[in-house]
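Here the structure comes first, spelled out in structure tokens, and everything after it is commentary.
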Amino acid sequence: MDGEQILLNMFKQQHYDESQYRMQKIIMILSVGGSALGAMIMSIFFYDALHLYFLIGSVVLGSLVLLFSGLKASRLNTGSFIYMIFACFVLVPVLWNFTGVQGGAPYISLAILVSVLSMFSKWRLRAMLFTYLPLLIYLTVISAITEIPKQADPTSLIYILAGYLMALGLTSTYILSTIKRFEELNDQFLKSSIKDDLTQVYNRKLLDMILHYEETLYKKEKSDYILVMFDVDKFKEMNDEHGHMYGDIILRNVAQCLTKKIRESDFIVRYGGDEFLVVLTAATGSSLRAFIDRVNDAMGISCDMEIKIEASFGYAARSECASTEEVLALADKRLYEMKEKQRRGAAEK
149 MDGEQILLNM
159 FKQQHYDESQ
169 YRMQKIIMIL
179 SVGGSALGAM
189 IMSIFFYDAL
199 HLYFLIGSVV
209 LGSLVLLFSG
219 LKASRLNTGS
229 FIYMIFACFV
239 LVPVLWNFTG
249 VQGGAPYISL
259 AILVSVLSMF
269 SKWRLRAMLF
279 TYLPLLIYLT
289 VISAITEIPK
299 QADPTSLIYI
309 LAGYLMALGL
319 TSTYILSTIK
329 RFEELNDQFL
339 KSSIKDDLTQ
349 VYNRKLLDMI
359 LHYEETLYKK
369 EKSDYILVMF
379 DVDKFKEMND
389 EHGHMYGDII
399 LRNVAQCLTK
409 KIRESDFIVR
419 YGGDEFLVVL
429 TAATGSSLRA
439 FIDRVNDAMG
449 ISCDMEIKIE
459 ASFGYAARSE
469 CASTEEVLAL
479 ADKRLYEMKE
489 KQRRGAAEK
């Protein structure tokens, strides 16, 4: 898997986790509130101790999940999964036994199905669907076998069952297809949102995610990475002399040169203005020098323009620093020192 796909997956997961956390919290609050309302109605109008205890248990369990999850998404994800297991495989069968087809069980079963589809993904979603849907079909069949013979005119009951089963199938199909389509559109949107509009390299907001990913590999596998910061020399003078459109062309060509000289696993970020940050993954001193030489040769004559472009650079390896922040600061410092050295050399001439 290349660097862009890895980064895109991380970016997607980060945003998906945030939206999933909000959805789980909303559904858990609604579930607790709905169970509490159901318990109140049952206690007033048609008291049944056993089923009332299950509703109260749903309120208590949901409240505990919300209480102990706090602000941590991972706790809420696990807690809401446990709560939905209780709702699907304990509360729903009890409701079907108590109300049957003509009661509220089919509607509550559909509401819980929508909640499951909205709250979970990957293995949790698959596990719930492959067990919950067969359970609903089983409960429906058992209720039909039990209730239809008792009806003087079973036509209305058959219509209810048919409508419920149709709603069950259409709801599942529609939501799953909508999720798939949304993910496809989301991929297209994210690919455009993580790139700088002018240069088509990664923008600054992706830098923290890239560094976090490389830091994880460094700590887990001792895979060193090197940050190389580039700055186009005399870029301001070129902008002032030829205009901003000319400067934009220079930046696009520099980005193209850098892109052609890196590996698929490396990353390029437009750090700001005429500065670019290259993240060399699994890098060594020799690979760094070879990379710098390739870039200098390529920028001697720009990729698409017969213009000599010169650049200053500063670099730092993770192994020579105590943290990611220090690597970035050291690369920036060395870039500044190189530019100062060039200014002094030019002044002496």
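Quick note: the sequence shown uses the working numbering, first residue 149, plus one each step. Ideal placement from N, C-alpha and C gives every residue a C-beta, glycine not left out.
Put residue i into one of helix, strand or coil per three-state DSSP.
i, result
"D441", "helix"
"D301", "coil"
"V240", "helix"
"K368", "helix"
"G462", "strand"
"L375", "strand"
"R418", "strand"
"F193", "helix"
"E363", "helix"
"M149", "The predicted position of M149 is uncertain, since its pLDDT is 47 and thus under 50; a value taken from the coordinates is nonetheless stated next. Three-state result, M149: coil."
"F268", "coil"
"V249", "coil"
"E423", "strand"
"L284", "helix"
"K481", "helix"
"V380", "strand"
"K343", "strand"
Roughly how many angstroms lie between the CA atoms of residue i and residue j, to the nearest whole one?
i, j, result
"E514", "Y373", "Summary: the structure shown does not reach residue 514, with the chain confined to residues 149 through 497, and so no result is reported for it."
"V427", "V417", "8 Å"
"L309", "L224", "35 Å"
"G311", "W244", "16 Å"
"M149", "A403", "Residue placement at M149 cannot be trusted, given a pLDDT of 47 that sits under 50; what the coordinates show is reported in the next sentence. Answer to the nearest angstrom: the Cα atoms are 22 Å apart."
"L198", "V242", "9 Å"
"K270", "Y231", "18 Å"
"E385", "M176", "59 Å"
"L354", "E473", "15 Å"
"I189", "D301", "30 Å"
"G251", "K368", "55 Å"
"I398", "I174", "50 Å"
"G248", "L215", "33 Å"
"A259", "A187", "17 Å"
"F278", "S471", "45 Å"
Thinking just about the alpha-carbon of each residue, which of the options is nearest to the one in residue i?
i, options, result
"Y169", "V443, E488, M267, S460", "M267"
"C236", "I256, S460, T407", "I256"
"Y366", "K409, I233, E412, E468", "E468"
"R491", "I410, I457, D381", "D381"
"D396", "G420, F415, L375", "G420"
"L406", "V349, G205, L483", "V349"
"S263", "D388, L287, M171, I398", "M171"
"M314", "T288, E295, T303", "T288"
"D414", "L359, S304, L318", "L359"
"D356", "A253, N387, L425", "L425"
Find out if the Cβ-Cβ distance for the pair residue i, residue j is shorter than 8 Å.
i, j, result
"A479", "A464", "yes"
"F565", "F461", "What the structure shows of the chain is the stretch from 149 to 497, and residue 565 is not part of that stretch, so it cannot be assessed."
"L239", "F202", "yes"
"L283", "L324", "no"
"A438", "K408", "no"
"S217", "G227", "yes"
"L476", "L375", "yes"
"A275", "S371", "no"
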